[in-house]
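In the numbering used here, the protein residues as written are 8 to 118.
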């Protein structure tokens, strides 16, 4: 399978485990419930920035990637981007904790 390039259509039937942001689960000692997130359906007809990294809580990714996207989110939205999403080789619980650690809320960035 070749990689996805800018302007490509997103493949069909791409589903992954995801814990949506909720105020109740915003604390570190509370975990949300994973759902099956159907990216193919959720991102249909939307402009999406999708980036991948080797793992949550890795030094460069935590210090550079997510904070930069978070900082530039208003500018990204002005350019018509509907969704910013990050994929890593971690389960939904780790990704949710990483989102909390990086101050990602309200599904601004899908982690």
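Just so it is clear, CB atoms sit at the ideal spot from N, CA and C, and this is done for glycine as well.
Pair within 8 Å by beta-carbon distance, residue i and residue j
{"i": "residue 79", "j": "residue 28", "result": "no"}
{"i": "residue 87", "j": "residue 54", "result": "yes"}
{"i": "residue 73", "j": "residue 97", "result": "no"}
{"i": "residue 117", "j": "residue 99", "result": "no"}
{"i": "residue 31", "j": "residue 37", "result": "yes"}
Rounded Cβ spacing between residue i and residue j (contact assumed at less than 8 Å)
{"i": "residue 66", "j": "residue 95", "result": "With a Cβ gap of about 14 Å, residue 66 and residue 95 do not count as contacting."}
{"i": "residue 22", "j": "residue 46", "result": "7 Å"}
{"i": "residue 24", "j": "residue 41", "result": "5 Å"}
{"i": "residue 103", "j": "residue 26", "result": "4 Å"}
Bounding residues of the alpha helix (DSSP H) (the contiguous stretch that carries residue i)
{"i": "residue 47", "result": "46-49"}
Bounding residues of the beta strand (DSSP E) (the contiguous stretch that carries residue i)
{"i": "residue 23", "result": "22-25"}
Rounded straight-line distance, which links the Cα of residue j to that of residue i
{"i": "residue 15", "j": "residue 49", "result": "16 Å"}
{"i": "residue 8", "j": "residue 107", "result": "Because the pLDDT at residue 8 is just 47, under 50, the model does not fix this residue reliably, and the point stays unresolved."}
(message) Threshold first: 4 residues or longer. Then list the alpha helix (DSSP H) segments lying entirely within the segment 56-99, N to C.
(response) 73-78 and 80-85
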